[in-house]
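Asker:
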Amino acid sequence: MDFRDSDTITGPSSEDVLPDTATSAVKIVIVGGFGVGKTTMVGSVSEIRPLTTEETMTQAGVGVDDNSGVESKTATTVAMDFGRISITEQLVLYLFGTPGQERFWFLWNGLFEGALGAVVLVDTRRLEVSFDVIGRLEERGVPFVVAVNTFPDAPHHPVEALRRALDLPDEVPMVDCDARQRASSRDVLLTLMGYLHALAAPPG
Ligand SMILES: Nc1nc2c(ncn2[C@@H]2O[C@H](COP(=O)(O)OP(=O)(O)OP(=O)(O)O)[C@@H](O)[C@H]2O)c(=O)[nH]1
Ligand SMILES: [Mg+2]
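Numbering (the numbering used here), first residue to last: 416 to 619.
(1) Which whole runs of the beta strand (DSSP E) in the segment 427-480 are 3 residues long or more, in chain order?
(2) Go ahead and pull the three-state DSSP assignment for residue 532.
(3) With 16 other CB atoms within 10 Å as the buried threshold, where does residue 562 fall?
(4) Distance, Cα to Cα, residue 438 vs residue 575?
(5) Does DSSP classify residue 606 as helix, strand or coil?
(6) Candidates 617, 600 and 611: which alpha carbon is nearest residue 400's?
(7) Which residues in the same chain as residue 606 place their Cβ atom closer than 7 Å to its Cβ, once the five residues preceding and following it in sequence are excluded?
(8) Less than 6 Å between C-beta atoms, sequence neighbours within five positions excluded: which residues of the same chain meet that for residue 570?
(9) Tell me which residues share the same chain as residue 418 and place their Cβ nearer than 7 Å to its Cβ, disregarding the 5 neighbours each side in the sequence.
(10) Do the CB positions of residue 529 and residue 557 come within less than 8 Å of each other?
(11) Within the present structure, is the beta-carbon of residue 409 separated from the nearest heavy atom of ligand 1 by less than 7 Å?
(12) Looking only at its own chain, which residues have a Cβ that is under 8 Å from the Cβ of residue 603, when we skip the five neighbours before and after it?
(13) Can you check whether the CB of residue 450 is closer than 8 Å to the CB of residue 515?
(14) What residue range does the alpha helix (DSSP H) around residue 501 cover?
(15) From residue 463 to residue 502, what does the alpha carbon distance come to, in whole angstroms?
(16) Looking at residue 488 and ligand 2, is the gap between the Cβ and the nearest heavy atom below 7 Å?
(17) Return the chain-ordered list of same chain residues with a C-beta closer than 7 Å to the C-beta of residue 493, the five sequence neighbours on each side being excluded.
(18) One question on the structure: do residue 444 and residue 511 come within less than 8 Å of each other, judged by their Cβ atoms?
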């Protein structure tokens with residue numbers, strides 16, 4: 416038999432290969448209401464081509480999915496986003512973005528399994544979509560930081576007012592970000608890692 420004409424199966428590209436120096440891998444979940452920029456954040460920060468599961472939003476979703484405030488959005492995550500970023504030569508983060516539409520929230524159980532921490536992305540034009548998300552994280556006891564994604568026409572609220580509106584405990588870090596910018600998304604993840612580190616450190 417001659418296989419010379421068969422498609423060659425190639426291995427992973429060099430950027431996909433985990434560096435030999437990596438010794439710890441941590442699972443992080445990017446969570447938030449519909450259309451707050453979760454897929455955008457995983458995509459901007461990932462060093463491998465991110466896995467996305469976006470589907471076109473169709474008429475069938477009218478009345479089922481809540482797209483108020485983001486009517487121009489044409490696709491939505493139906494399962495998860497996946498990406499990877501090396502924070503240091505040793506530490507690698509695996510990023511899992513959740514679906515925002517409530518009808519897919521049952522998938523969160525699996526996505527949260529083994530997660531060390533979470534980023535809650537917030538859009539100040541639609542703060543109400545974040546309440547349930549934060550409540551669910553608190554129920555699960557997953558430590559999280561809040562990242563306010565800066566959309567151009569979003570109202571700017573003082574940090575204290577936002578904290579009160581979201582009923583956030585003082586110790587939970589809150590930062591501004593632009594999910595489209597790699598450096599900004601990376602800073603959010605570094606804030607989360609710093610917070611997780613502080614939580615793990617013995618008091619004193
Ligand atoms: N101006 C601005 N637009 C953004 C930003 N982040 C995301 N967008 C846009 O907002 C829209 C929604 O972003 P997505 O990343 O799909 O949001 P999502 O949270 O994954 O949405 P679902 O999966 O449907 O819940 C996209 O059209 C993005 O281009 C941002 O930081 N600034
Ligand atoms: Mg998405």
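Think of the CB as a built atom: it goes at the ideal place given N, C-alpha and C, for glycine as much as any other residue.
Since the model is a prediction, treat every value here as computed from it, not as a measurement.
Answerer: So, to answer that:
(1) Listed in chain order, the complete beta strand (DSSP E) runs (minimum 3 residues) inside the segment 427-480 are 439-446 and 469-471.
(2) In this structure, DSSP gives residue 532 an extended state, which the three-state scheme calls strand.
(3) When all chains shown are included, residue 562 counts as buried.
(4) Residue 438 and residue 575 have their C-alpha atoms roughly 39 Å apart.
(5) Of the three classes helix, strand and coil, the one that applies to residue 606 here is helix, per DSSP.
(6) The chain is shown from 416 up to 619; residue 400 falls before or after that span and cannot be answered.
(7) Its chain contains 560, 588 and 590 as the residues whose beta carbon lies nearer than 7 Å to that of residue 606, once the 5 sequence neighbours on both sides are disregarded; these appear in chain order.
(8) Correct list, in chain order: 539.
(9) Legend: pLDDT at residue 418 = 49, less than 50; position of this residue unreliable, value from coordinates given subsequently. Answer for residue 418: no residue qualifies.
(10) The answer is no: Cβ separation not under 8 Å.
(11) Because the chain here runs from 416 to 619, residue 409 falls outside it and cannot be looked at.
(12) Scanning its chain for C-beta atoms nearer than 8 Å, with the 5 sequence neighbours on each side dropped, one finds around residue 603 the residues 456, 534, 560, 562, 590 and 592, in chain order.
(13) Yes; because the gap between Cβ atoms is below 8 Å, this pair is in contact.
(14) Counted as a single uninterrupted DSSP element, the stretch harbouring residue 501 is not any alpha helix (DSSP H) but the beta strand (DSSP E) occupying residues 496-501.
(15) Whole-angstrom Cα-Cα distance: 14 Å.
(16) Residue 488 Cβ: outside cutoff for every heavy atom of ligand 2.
(17) Counting only Cβ-Cβ distances below 7 Å, and skipping sequence neighbours, we find 468, 470, 514 and 519.
(18) The answer is yes: Cβ separation under 8 Å.
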